[in-house]
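Under the numbering used here, the first residue of the sequence shown is numbered 370, with each subsequent residue one higher.
Backbone N, C-alpha and C fix where the C-beta goes; we use that ideal spot for every residue, glycine too.
Worksheet: the structure to be examined is printed underneath.
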Amino acid sequence: MKSKWYFGLLWLLIFPTIAVTAVPKVTIIFSTPSEDALGAIRLLVNEFNSKQSKVTVKHKLLATGSDDCHNFYLRSFMSCSNSFDVLSGDIIWTPEFASCGWIEPLDRLFSKTEQRKFLPGAIESCTYNQKIWAVPWYTDFGVLFYRKDLVPNPPKTWAELIRLAHENQKSGQVKYGYTFQGNQYEGLVCNTLEFIFNNGGQILDGKRVVLNSPETVEGLGILMDIIKICPKDVVDFQEEDSRLAFQDGEILFLRNWPYNWNLLNQENSPVKGRIGVAPLPIGPRGTSSSGCLGGWNMMINHFSRNKEAAWQFIEFMTGLEGQKVNSIIGGRLPTRMAVYREPEVSKVNPYYSGFLDVYYRSKPRPVSPFYPAISELMQVNFYQAITGKLEAETAIENIETGMKKILSK
Numbered sequence: 370m371k372s373k374w375y376f377g378l379l380w381l382l383i384f385p386t387i388a389v390t391a392v393p394k395v396t397i398i399f400s401t402p403s404e405d406a407l408g409a410i411r412l413l414v415n416e417f418n419s420k421q422s423k424v425t426v427k428h429k430l431l432a433t434g435s436d437d438c439h440n441f442y443l444r445s446f447m448s449c450s451n452s453f454d455v456l457s458g459d460i461i462w463t464p465e466f467a468s469c470g471w472i473e474p475l476d477r478l479f480s481k482t483e484q485r486k487f488l489p490g491a492i493e494s495c496t497y498n499q500k501i502w503a504v505p506w507y508t509d510f511g512v513l514f515y516r517k518d519l520v521p522n523p524p525k526t527w528a529e530l531i532r533l534a535h536e537n538q539k540s541g542q543v544k545y546g547y548t549f550q551g552n553q554y555e556g557l558v559c560n561t562l563e564f565i566f567n568n569g570g571q572i573l574d575g576k577r578v579v580l581n582s583p584e585t586v587e588g589l590g591i592l593m594d595i596i597k598i599c600p601k602d603v604v605d606f607q608e609e610d611s612r613l614a615f616q617d618g619e620i621l622f623l624r625n626w627p628y629n630w631n632l633l634n635q636e637n638s639p640v641k642g643r644i645g646v647a648p649l650p651i652g653p654r655g656t657s658s659s660g661c662l663g664g665w666n667m668m669i670n671h672f673s674r675n676k677e678a679a680w681q682f683i684e685f686m687t688g689l690e691g692q693k694v695n696s697i698i699g700g701r702l703p704t705r706m707a708v709y710r711e712p713e714v715s716k717v718n719p720y721y722s723g724f725l726d727v728y729y730r731s732k733p734r735p736v737s738p739f740y741p742a743i744s745e746l747m748q749v750n751f752y753q754a755i756t757g758k759l760e761a762e763t764a765i766e767n768i769e770t771g772m773k774k775i776l777s778k
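What follows is the structure in structure tokens.
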């Protein structure tokens, strides 16, 4: 763990001054998933509160999982609740929340000039019906973590990954070859779509559903084969379950989000210094690696009584200094392009240098106000496929039929 003097020095370097616009003294609530293992959010909230006296931010931790957070927000919005002012939202929620009028449009506050300082895909995730509804906080895409002490060069294909897994299992170096997020939730959708994307499959062509193709069926089939080199309980794993299993040192490969880098390299980690990170492998019909685009944006609750103060806090958290801290301490991928050029950031996260290209190749999940229904359909069928209850062809047919019905509404 880093000593207190290190953090004190870091604050002096990153936060020499913070300009704050005066607003009436208020208290606002900032709600996020309870994923602050490295303490970056706590440090940022404390710093914001200590540097000015007009606004006090209280941090409200929700359930860890994306699905549970989504359900909390739905219940709150449907009751017109103002129990939180600023919310951290999964990028896939923007169309749904905006179309229902649950979040505040930000066009008059978030200028086009300022928007151009962010990654283009991150801005797209904040946009619906030609309006801007959120500010990108941090971005994500699926990556492959691997034991570089056992695998000097990461695999470029799934076939190569399986071969390396078998070799290291046979020699007794590891117990399992691979782990990922296999529980029936949003994470499974992201993982499975990566197998599909990286085998040349598509979900939508414009508004037309094109899921049912040989590339897609084969992509799902590859994941169903890889299950054989995973721990049996991988079908119960979410992000932290898979990270902790890999961190124990008995697994060769891990698919997860980039924030794992800092956690895997903590002082008390059994695999500290023995981890590499690379783009995900591709299938036989794939041409380039694509992670599933993820990330979280900051939004203002439409029912908040303190929208000006909420915006002030969002500006701080998504500004250059705020994103530097969230990257250096929290391990989160910045959405501001300038942060990638900061020496302090690249020193802590050396893998950033080659990952902007991977980001630009990342692919989104279907963008639709009806995405929650699409996601549930995918979760059920993908889970039944990886647990042996459905053939890949049947699962894909079910999803395509269901998606056509959902999108025809």
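Cutoff 8 Å; reference residue i; Cβ partners in own chain excluding five residues on either side
| i | result |
| --- | --- |
| L632 | A406, L407, R612, Q616, S638, G700 |
| I598 | I531, A534, H535, Q538, Y545, G546, Y547 |
| E529 | P650 |
| I644 | F514, Y515, R516, K517, W630, L633, N634 |
| Q748 | Q553, Y554, E555, L557, V558 |
Burial state of residue i, where buried means 16 or more other Cβ atoms lie within 10 Å
| i | result |
| --- | --- |
| F447 | For clarity, residue 447 is Met in the given sequence; the question names Phe instead. Exposed. |
| S480 | exposed |
| D454 | buried |
| W374 | Note that W374 has pLDDT 46, beneath the 50 cutoff, so the model's placement of it is unreliable and the number below is only indicative. Classification for W374: exposed. |
| D574 | exposed |
| P650 | buried |
| N522 | exposed |
| A764 | buried |
| D518 | exposed |
| L746 | buried |
| P703 | buried |
| Q499 | exposed |
| S722 | exposed |
| T561 | buried |
| A761 | buried |
| A432 | exposed |
| G541 | exposed |
| C331 | This structure gives no information on residue 331, because the portion of the chain shown stretches from 370 to 778. |
| T482 | exposed |
Backbone secondary structure at residue i - three-state DSSP
| i | result |
| --- | --- |
| I698 | coil |
| I572 | coil |
| V392 | Because V392 sits at a pLDDT of 49, beneath the cut-off of 50, its placement in the model cannot be relied upon, and the following sentence gives the value as read from the coordinates. DSSP places V392 in coil when its eight states are reduced to three. |
| R734 | coil |
| Y721 | helix |
| G546 | strand |
| P600 | coil |
| T401 | strand |
| V351 | Outside the shown range of the chain, which is 370 to 778, sits residue 351, and nothing can be said about it. |
| P712 | helix |
| V578 | strand |
| R411 | helix |
| R705 | strand |
| E416 | helix |
| R612 | helix |
| N629 | helix |
| K758 | coil |
| K778 | coil |
| P639 | coil |
| F564 | helix |
| N451 | coil |
| N634 | coil |
| Q692 | helix |
Residue range of the beta strand (DSSP E) that includes residue i
| i | result |
| --- | --- |
| V455 | 455–459 |
| I595 | Counting along the chain, I595 falls outside any beta strand (DSSP E), though it belongs to the alpha helix (DSSP H) covering 583–595. |
| A647 | 644–647 |
| H428 | 424–431 |
| I669 | 662–669 |
Residue i - containing alpha helix (DSSP H), residue span
| i | result |
| --- | --- |
| F724 | 724–730 |
| I620 | Segment 620–625 is the beta strand (DSSP E) holding I620; no alpha helix (DSSP H) there. |
| A742 | 740–755 |
| T656 | Here T656 belongs to no alpha helix (DSSP H), and DSSP marks it neither H nor E. |
| C438 | 435–447 |
| G551 | Taken as a continuous stretch (DSSP letters only), G551 belongs to no alpha helix (DSSP H), as it is neither H nor E. |
| F606 | Per DSSP, F606 belongs to no alpha helix (DSSP H) and is neither H nor E. |
| Q681 | 676–687 |
Contact set for residue i: own chain, Cβ-Cβ below 7 Å, skip 5 residues either direction
| i | result |
| --- | --- |
| R686 | Reading off the sequence, residue 686 comes out as Met, not Arg. The answer, listed in chain order, is L413, W506, M667. |
| V708 | L689, Q692, K693, S696, V714 |
| F682 | I397, F399, F417, V424, V426, V455 |
| A580 | It should be noted that the sequence gives Leu, not Ala, for residue 580. The answer, listed in chain order, is I572, I765, I768, E769, M772. |
6 Å Cβ shell around residue i - same chain, five flanking residues per side excluded
| i | result |
| --- | --- |
| I501 | L475, D476, F479, C495 |
| G569 | E584, R654, G655 |
| C661 | G511, C559, L562, E563 |
| V392 | Low confidence applies to V392: its pLDDT is 49, below 50, so where it sits in the model is not reliable enough to give any reading. |
| P402 | L431, T433, C438 |
Next on the checklist: Runs of 4 residues minimum, wholly inside the stretch 462–542: which ones carry the alpha helix (DSSP H) assignment?
Outcome noted: If only complete runs of 4 or more residues are kept, the stretch 462–542 shows the alpha helix (DSSP H) at 463–468, 481–484, 489–493, 527–539, in order along the chain.
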